[in-house]
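2 protein chains.
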Amino acid sequence: MRYRKVPDETVRRLPLYLRGLRFFSEQSPDHVSSKILAEFLGINPWQVRKDLSYFGEMGTPGVGYKVKTLTNQNQRILRLDSVHNAVLVGVGNLGSAVLAYQGFRTYGIEIVVAYDSSPAKIGSKINGVEVKDISEMWQLNELDIDLGIISVPGGAAQSIADELISAGIKGILNLAPDYIRVPKKIKVISIDIAMDFARLPYYIPAS
Amino acid sequence: MRYRKVPDETVRRLPLYLRGLRFFSEQSPDHVSSKILAEFLGINPWQVRKDLSYFGEMGTPGVGYKVKTLTNQNQRILRLDSVHNAVLVGVGNLGSAVLAYQGFRTYGIEIVVAYDSSPAKIGSKINGVEVKDISEMWQLNELDIDLGIISVPGGAAQSIADELISAGIKGILNLAPDYIRVPKKIKVISIDIAMDFARLPYYIPAS
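So the protein sequences, as listed, match chains A and B. Start counting the first sequence at 293; every next residue gets the next number (the working numbering). Start counting the second sequence at 293; every next residue gets the next number (the working numbering).
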């Protein structure tokens, strides 16, 4: 089944819905209303209804959406119904935190190998993932990996991105505080904790 | 000077502009065009012009925007023209990465104290920040701190948020994979690395 194109802003919220839907499926109701889902996720009910309209399935008035059906559709749209292998580059504090975090697995994403330049880290295992020498990153070509996580210090991200792309990586999660340039066919999602934090004072009344 | 209300989507991009403007001020041109700024930041020029229209100052056609003026206005709108003190709770891998990261200072945000429950960490200093016993968080009341960072494991964020709020914190950066409920006057910005990562496969063509 194909779905019509979903706007980026909706795609941004899809994993949030997935988390909410999983929560409700554990609580075991068959149906959930847009109102309850919205309240749980802290967004507007009309936004939920609009977003979910891209799924093809409408909720039943007074009853809501089928939790199980909606979960499956959400996973299919996000292409999370199959496992994706990922590589992580840069095993400092942030990289180690990412490796230790189990959250990716619940979305079908598996970090299978990590790279670092520090001799103290090369050869070690963190959370079951082997840390290899960054000079051997070209070997990625031989593995079935399409996602990369960049958690190197600022200034080093562009060259790592270039290497990942030439090794066949198609999507990059950039956790370094650098803007990176990539070919059009490559998708980059950047998280800069400082930039998100810098938005907070805007919302805080002067005391 | 007061500015008209800026939409959340624009506020989200303001720190990005600030980073771009600082880059250009280091390169020392007096003016920058929306086109060059847009290219550097990887967004549309029309989006840049629309966003910057909230600043009150318009660019000069054919010349562009004054880098210095725009930087100052951006900082004033974001309320980053004064220093904000912050507290961090949870000094695991992620919390340590945040403490080690210098990026906050460039936005005028200073982490002045950290809390953890682990006896091995209490009393230590990370990047000059003292780690205190989490049971003493009520003492925050006596300090001039309005921002909090939550970097505790999943499941623990809500109770930490409650404590921070009762100690006078007005804005929270939530790095834990939990949705937290707060009173309306409190602003929360949540970053869940796994949820951002889960959006990547959507953009990747099936191989």
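Beta carbons are placed, not taken as given, at the ideal position from N, Cα and C, and that holds for glycine.
Rounded to a whole number of angstroms, what is the C-alpha to C-alpha distance between I461(A) and S443(B)?
The residue labelled residue 461(A) in the question sits at position 169 within the first sequence. The residue labelled residue 443(B) in the question sits at position 151 within the second sequence. Taking the straight line joining both Cα atoms gives about 30 Å.
So is I485(B) in contact with chain A if we call contact Cβ pairs under 9 Å?
Within the second sequence, residue 485(B) is the residue found at index 193, counting from 1. With 9 Å as the cut-off, I485(B) counts as an interface residue toward chain A.
Take R314(B) as the anchor and find which of E422(B), V340(B), N364(B), K297(B) has the nearest alpha-carbon.
Looking up residue 314(B) in the second sequence gives position 22. Taking only the C-alpha atoms, the option nearest R314(B) is N364(B).
Could I get the ranges of all uninterrupted alpha helix (DSSP H) runs contained in the region 353 to 391 of chain A, with 4 residues as the minimum, in chain order?
Counting only runs of 4 or more, we get 359 to 369.
Going by other Cβ atoms of all chains shown within 10 Å of its Cβ, with 16 needed for buried, is V355(B) buried or exposed?
The residue given as residue 355(B) occupies position 63 in the second sequence. Looking at its Cβ environment, which holds fewer than 16 other Cβ atoms inside 10 Å, V355(B) is exposed.
Could you say if the region 438 to 454 of chain A and the region 467 to 484 of chain B meet the contact criterion of at least three C-beta pairs nearer than 8 Å?
Counting Cβ pairs under 8 Å, fewer than three are found: no touch.
Please work out which residues of its chain come closer than 8 Å, Cβ to Cβ, to Q512(A), disregarding the five sequence neighbours upstream and downstream, and give them in chain order.
The structure shown has nothing for residue 512(A), since chain A only spans 293 to 499.
Using a beta-carbon distance below 9 Å, is M293(B) in contact with chain A?
Within the second sequence, residue 293(B) is the residue found at index 1, counting from 1. In this prediction, M293(B) scores a pLDDT of 45, lower than 50, which makes its location untrustworthy; no coordinate-derived value is stated.
So which of P299(B), D488(B), Y495(B) has the shortest CA-CA distance to G395(A)?
By one-based count along the first sequence, residue 395(A) stands at place 103. Among P299(B), D488(B), Y495(B), the Cα nearest to that of G395(A) belongs to D488(B).
Please list, in chain order, the chain A residues whose beta carbon lies closer than 7 Å to that of G334(B).
The residue given as residue 334(B) occupies position 42 in the second sequence. Neighbours of G334(B) on chain A, chain order: Y471.
For S482(A), count neighbouring Cβ atoms within 10 angstroms of its own Cβ and tell me buried if that reaches 16, exposed if not.
Locating residue 482(A) in the first sequence gives position 190, where the first residue counts as 1. The residue in question, S482(A), is buried, as its Cβ has 16 or more Cβ neighbours within 10 Å.
Listed in chain order, which residues of the region 367 to 391 of chain A have Cβ atoms closer than 9 Å to some Cβ of chain B?
The region 367 to 391 of chain A vs chain B, Cβ under 9 Å: I369, L370, R371, L372, S374, H376, A378, G384, N385, L386, G387, S388, A389, V390, L391.
With a cut-off of 8 Å on the beta carbons, I'd call L439(A) and L492(B) a contact; round off their distance for me.
One-based indexing of the first sequence puts residue 439(A) at position 147. One-based indexing of the second sequence puts residue 492(B) at position 200. About 6 Å separates the two Cβ atoms, so the contact holds.
Short check: CB of K327(B) to CB of T302(B), under 9 Å?
As a working mapping, residue 327(B) is identified with position 35 in the second sequence. As a working mapping, residue 302(B) is identified with position 10 in the second sequence. Not in contact: K327(B) and T302(B) (Cβ atoms no closer than 9 Å).
How many Å lie between I441(B) and V340(A) at the Cα?
Residue 441(B) sits at position 149 when you count from the first residue of the second sequence. Residue 340(A) sits at position 48 when you count from the first residue of the first sequence. Taking the straight line from one Cα to the other gives about 28 Å.
For Y309(B), collect the residues of the same chain with a Cβ closer than 8 Å to its Cβ; drop the 5 residues on either side in sequence, then sort them by chain order.
Here the question's residue 309(B) lines up with position 17 in the second sequence. Contacts found: L329, L333, V340, D343, L344, L362, N366.
Quick test of your reading: I496(A) and G463(B), contact by CB under 8 Å. State the CB separation rounded to the nearest angstrom.
For the purposes of this step, residue 496(A) is taken as residue 204 along the first sequence, with counting starting at 1. For the purposes of this step, residue 463(B) is taken as residue 171 along the second sequence, with counting starting at 1. Yes, I496(A) and G463(B) are in contact; Cβ-Cβ is about 5 Å, under 8 Å.
I need the straight-line Cα distance from P299(B) to H376(A), nearest angstrom please.
For the purposes of this step, residue 299(B) is taken as residue 7 along the second sequence, with counting starting at 1. For the purposes of this step, residue 376(A) is taken as residue 84 along the first sequence, with counting starting at 1. Their Cα atoms are separated by approximately 35 Å.
Report the neighbours of P307(A) on chain B: residues whose CB is nearer than 7 Å to its CB, in chain order.
The count along the first sequence starts at 1 and reaches residue 307(A) at position 15. Result: M487, A490, R491.
What does a CB cutoff of less than 7 Å around S416(A) pick up in its chain, not counting 5 residues either side in sequence?
Reading the first sequence from its first residue, position 124 is the one you call residue 416(A). Correct list, in chain order: V423.
Could you give the distance in angstroms between the alpha-carbon of T398(B) and the alpha-carbon of S388(B)?
The residue labelled residue 398(B) in the question sits at position 106 within the second sequence. The residue labelled residue 388(B) in the question sits at position 96 within the second sequence. Going by the C-alpha atoms only, they are around 18 Å apart.
Here's the rule: buried if 16 or more other CB atoms are within 10 angstroms of the residue's CB, otherwise exposed. What is M429(B)?
For the purposes of this step, residue 429(B) is taken as the residue at position 137 of the second sequence. The residue in question, M429(B), is buried, as its Cβ has 16 or more Cβ neighbours within 10 Å.
Going by beta carbon distance, what residues of the same chain come within less than 8 Å of S410(A), once the five residues before and after it are set aside?
Numbered from its first residue, the first sequence carries residue 410(A) at position 118. Excluding residues within five positions, the ones whose Cβ falls inside 8 Å are V383.
Considering only the alpha carbon of each residue, which of I401(B), V405(B), S320(B), P445(B) lies closest to Q431(B)?
For this step, residue 431(B) is matched to residue 139 along the second sequence. Cα-wise, what sits closest to Q431(B) is V405(B).
So what does DSSP say about S482(B), is it helix, strand or coil?
As a working note, residue 482(B) is residue 190 in the second sequence. Here S482(B) sits in strand by DSSP.
Taking C-beta to C-beta, are S320(B) and Y357(B) nearer than 9 Å?
On the second sequence, position 28 is the one that residue 320(B) refers to. On the second sequence, position 65 is the one that residue 357(B) refers to. No; because the gap between Cβ atoms is not below 9 Å, this pair is not in contact.
Find the nearest neighbour of E434(B) within the set V381(B), S458(B), A486(B), G447(B), judged by alpha-carbon distance.
Here residue 434(B) corresponds to residue number 142 of the second sequence, with the count starting at 1. Ranking V381(B), S458(B), A486(B), G447(B) by Cα distance to E434(B) puts S458(B) first.
Which residues, taken in chain order from the region 452 to 469 of chain A, show a beta carbon closer than 7 Å to some beta carbon of chain B?
The region 452 to 469 of chain A vs chain B, Cβ under 7 Å: K462, G463, L465, P469.
Can you find the residues in the same chain that come closer than 7 Å, C-beta to C-beta, to G312(A), ignoring five residues on each side of it along the sequence?
One-based indexing of the first sequence puts residue 312(A) at position 20. The residues are L329, F332, L333.
Helix, strand or coil for F489(B) per DSSP?
For this step, residue 489(B) is matched to residue 197 along the second sequence. The answer is helix: DSSP assigns F489(B) an H, G or I state.
Can you give the beta carbon distance from P307(A) to A490(B), rounded, assuming they're within the 8 Å contact cut?
Numbered from its first residue, the first sequence carries residue 307(A) at position 15. Numbered from its first residue, the second sequence carries residue 490(B) at position 198. Contact holds; Cβ gap of about 4 Å.
I want to see whether chain B comes within less than 9 Å of Y399(A), judged by CB atoms only; does it?
On the first sequence, residue 399(A) is found 107 positions in, with the first residue counted as 1. Yes, Y399(A) counts as interfacial toward chain B.
With 9 Å set as the bound, which would you pick, yes or no: does the beta-carbon of L329(A) sit closer than that to a beta-carbon of chain B?
Translated into positions along the first sequence, residue 329(A) becomes position 37. So no, L329(A) is outside the interface.
Below 9 Å on C-beta distance, what does D322(B) contact in chain A?
Your numbering for residue 322(B) matches position 30 in the second sequence. Within 9 Å Cβ-Cβ: nothing; D322(B) doesn't reach chain A, min ~22 Å.
What residue does the beta strand (DSSP E) around E402(B) start on, and which one ends it?
In the second sequence, residue 402(B) corresponds to position 110, counting from 1. Element bounds for E402(B): 401 to 408.
May I ask which residues mark the beginning and end of the alpha helix (DSSP H) holding E455(A)?
One-based indexing of the first sequence puts residue 455(A) at position 163. 449 to 458 is the extent of the alpha helix (DSSP H) around E455(A).
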